[in-house]
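Contents: one structure, followed by commentary.
Number of protein chains: 2
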Amino acid sequence: MVETLSKNKIKWIKSLHLKKHRDAEGVFIVEGDKMVSELIEHWSHYIEFICTSDQSIQFNGMVYQTDDKTIKEIGSLTTPNKILAVVKKPNVPVGETKLVLALDGIQDPGNFGTIVRTSDWFGVDLIVCSKGTVDMLNPKVVQSSMGSLFRVPIIYTDLPSFLSNSNLPIYGALLEGENVYSKSLPENAIIVMGNEGAGISAGIQKLIQHKIHIPRFGGAESLNVAIATGILLSEFRSSIKKL
Amino acid sequence: MVETLSKNKIKWIKSLHLKKHRDAEGVFIVEGDKMVSELIEHWSHYIEFICTSDQSIQFNGMVYQTDDKTIKEIGSLTTPNKILAVVKKPNVPVGETKLVLALDGIQDPGNFGTIVRTSDWFGVDLIVCSKGTVDMLNPKVVQSSMGSLFRVPIIYTDLPSFLSNSNLPIYGALLEGENVYSKSLPENAIIVMGNEGAGISAGIQKLIQHKIHIPRFGGAESLNVAIATGILLSEFRSSIKKL
């Protein structure tokens with residue numbers, strides 16, 4: 625079905641740039657040709673409707689035809705774009721949780737999205753976020769997670785009580801931790817990563833059983849948190865492979 | 625010395641948002657309190673002048689006092705900011721090159737800046753960029769490299785001839801490569817990373833002696849190139865540590 629976009633619909637879509645409206649409506653925005661094509665191919669049942677200025681789009685559902693200017697107005701991308709979808713919040717079932725990533729207050733949406741994508745690559749079973757972590761449906765998270773939001777279960781909860789109630793060994797990335805290269809790492813674990821500036825909060829630090837760090841060979845003060853997460857996930861996975 | 629900003633100076637600073645003007649003038653823009661403080665502390669001899677709306681700034685050199693609106697106008701940050709410096713292009717001397725990172729057409733400035741910061745952490749001796757790689761003085765590169773631009777030597781050159789003339793073993797990240805976890809890696813090497821979408825170009829692929837890849841355990845189609853770079857640098861460094 626093809627229709628034109630009403631002013632009310634435009635207003636409603638724009639409201640989804642705020643978390644409170646995304647939460648209330650249970651939907652979010654996905655933008656750009658690559659991402660929306662992936663959605664249509666793999667997760668079309670999540671799509672509420674598509675808005676596009678490209679007349680050649682093939683989608684067996686609601687399509688609103690509009691112009692480039694309106695797409696730019698309702699979207700968040702600064703680069704030219706012809707397509708945007710309004711999508712139901714993914715509800716990825718939580719299966720057996722062997723490798724869990726816990727995020728304590730990650731703030732930057734680009735970092736968070738990259739962490740979700742990297743977790744998907746390494747087969748993380750669950751991402752648990754403290755309540756102060758950036759919203760998983762923030763437009764920049766959506767763009768940098770590249771579809772992995774639909775494959776990795778992500779929950780927001782009280783992180784101290786989650787950790788206290790888990791039976792998995794709890795690892796945390798801390799500057800004073802042991803050299804991760806010299807540790808033998810288990811297959812099943814929780815890895816805690818802290819906020820970009822402040823690191824892991826004091827309350828959570830107390831719950832960490834194994835403090836680890838990535839050794840430094842040069843001059844940088846710190847590693848970006850998404851990079852550190854990627855390296856630690858790789859270390860846990862390569863431990864398995866080397867057995 | 626404290627002066628007010630003239631219209632001509634404002635125009636000149638704004639011109640530095642384009643690579644051709646940065647190249648012609650040999651200077652670039654550094655923004656934000658954290659970055660400029662680090663500059664003043666460690667690399668003040670690189671600073672041509674500072675523009676700020678913060679009257680409390682201590683700097684033993686040229687300071688132009690201005691207002692928040694002008695800082696926003698001449699800068700590139702979207703977040704509120706009170707300080708900006710115009711800085712000479714870093715000229716980091718190239719020492720002995722044992723671990724070299726070669727970038728074949730990285731386009732995203734955030735990725736490039738994060739790669740520079742990660743290379744600094746792991747003590748990479750030289751970053752060699754193909755001519756199609758994003759400019760190292762692009763404002764977004766500067767922000768995400770967090771000062772590492774002043775510590776890691778970076779050159780732009782004809783990458784095929786650089787590789788052909790090097791005596792180091794040449795490794796490259798390629799999907800069809802061998803599992804990096806099962807390889808024994810040398811201390812001295814060149815690691816080639818390709819463009820975000822297209823990977824390593826055909827001409828460069830021919831020069832790669834050891835194709836490696838990071839094994840996938842989950843569903844993501846690919847890893848972000850900065851994440852993959854961080855993991856591979858970590859693998860090369862952990863090989864040394866494990867000896």
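Protein chains in written order, with our numbering: chain A, 625 to 867; chain B, 625 to 867. Even for Gly, the Cβ is constructed at its ideal location relative to N, Cα and C.
Distance between residue j and residue i (C-alpha atoms, nearest Å)
i                      : j                      : result
residue 653 of chain A : residue 679 of chain A : 20 Å
residue 867 of chain A : residue 699 of chain A : Caution applies to residue 867 of chain A, whose pLDDT of 43 falls short of 50 and renders its modelled position unreliable; the model cannot decide the point.
residue 670 of chain B : residue 717 of chain A : 54 Å
residue 662 of chain A : residue 683 of chain A : 12 Å
residue 734 of chain A : residue 765 of chain A : 6 Å
residue 720 of chain B : residue 761 of chain A : 46 Å
residue 694 of chain A : residue 638 of chain B : 29 Å
residue 704 of chain A : residue 771 of chain A : 20 Å
residue 673 of chain A : residue 664 of chain A : 11 Å
residue 631 of chain B : residue 675 of chain B : 13 Å
residue 802 of chain B : residue 826 of chain A : 41 Å
residue 806 of chain B : residue 763 of chain B : 39 Å
residue 781 of chain A : residue 633 of chain B : 51 Å
residue 804 of chain B : residue 824 of chain A : 30 Å
residue 709 of chain B : residue 738 of chain B : 21 Å
residue 697 of chain A : residue 692 of chain B : 27 Å
residue 769 of chain B : residue 736 of chain B : 8 Å
residue 742 of chain A : residue 847 of chain B : 6 Å
residue 753 of chain B : residue 784 of chain A : 45 Å
residue 646 of chain A : residue 659 of chain A : 19 Å
residue 775 of chain A : residue 821 of chain B : 21 Å
residue 635 of chain B : residue 756 of chain B : 28 Å
residue 883 of chain B : residue 811 of chain A : Past the edges of chain B, shown from 625 to 867, lies residue 883 of chain B, and the structure says nothing about it.
residue 702 of chain A : residue 666 of chain B : 35 Å
residue 748 of chain B : residue 722 of chain B : 8 Å
DSSP-derived helix/strand/coil call for residue i
i                      : result
residue 671 of chain A : strand
residue 699 of chain B : coil
residue 659 of chain B : helix
residue 664 of chain A : helix
residue 689 of chain A : strand
residue 859 of chain A : helix
residue 680 of chain B : coil
residue 823 of chain A : strand
residue 851 of chain B : helix
residue 721 of chain A : coil
residue 752 of chain B : strand
residue 773 of chain A : helix
residue 716 of chain A : coil
residue 653 of chain B : strand
Integer Cβ distance of residue i from residue j, believed to fall under 8 Å
i                      : j                      : result
residue 861 of chain B : residue 841 of chain A : 6 Å
residue 740 of chain A : residue 651 of chain A : About 18 Å; that fails the 8 Å criterion.
residue 744 of chain A : residue 844 of chain B : 4 Å
residue 792 of chain B : residue 849 of chain B : Wrong, their Cβ atoms sit about 21 Å apart, outside the cutoff.
residue 835 of chain A : residue 798 of chain A : 5 Å
residue 832 of chain A : residue 816 of chain A : 6 Å
residue 751 of chain B : residue 778 of chain B : 5 Å
residue 689 of chain B : residue 626 of chain B : 6 Å
residue 649 of chain B : residue 640 of chain B : 7 Å
residue 668 of chain B : residue 706 of chain B : No, residue 668 of chain B and residue 706 of chain B are not in contact; Cβ-Cβ is about 18 Å, not under 8 Å.
residue 655 of chain A : residue 767 of chain A : 7 Å
Enclosing alpha helix (DSSP H) for residue i [first to last residue]
i                      : result
residue 635 of chain B : 631–639
residue 647 of chain A : 643–649
residue 742 of chain A : 733–745
Delimiting residues of the beta strand (DSSP E) encompassing residue i
i                      : result
residue 835 of chain A : 834–837
residue 797 of chain A : 794–803
residue 816 of chain A : 813–818
residue 595 of chain A : Here chain A has residues from 625 to 867 only, and residue 595 of chain A is not among them.
residue 783 of chain B : Careful: residue 783 of chain B lies outside any beta strand (DSSP E), inside the alpha helix (DSSP H) at 783–788.
residue 628 of chain A : 626–628
residue 579 of chain B : In this structure chain B extends from 625 to 867, so residue 579 of chain B is not present and cannot be described.
Proximal residues of chain C, C-beta to C-beta of residue i below 7 Å
i                      : result
residue 746 of chain A : Protein chains in the displayed structure are A and B, and chain C is not among them.
Is it the case that the region 726–735 of chain A contacts the region 682–697 of chain A, given that we only count it when at least three CB pairs across the two stretches are under 8 Å? No, because fewer than three Cβ pairs between the region 682–697 of chain A and the region 726–735 of chain A fall closer than 8 Å, the two stretches do not touch.
Segment contact, 8 Å Cβ cut-off, at least three pairs: the region 851–860 of chain B with the region 846–862 of chain A: Because the criterion of three Cβ pairs below 8 Å is met, the region 851–860 of chain B and the region 846–862 of chain A touch.
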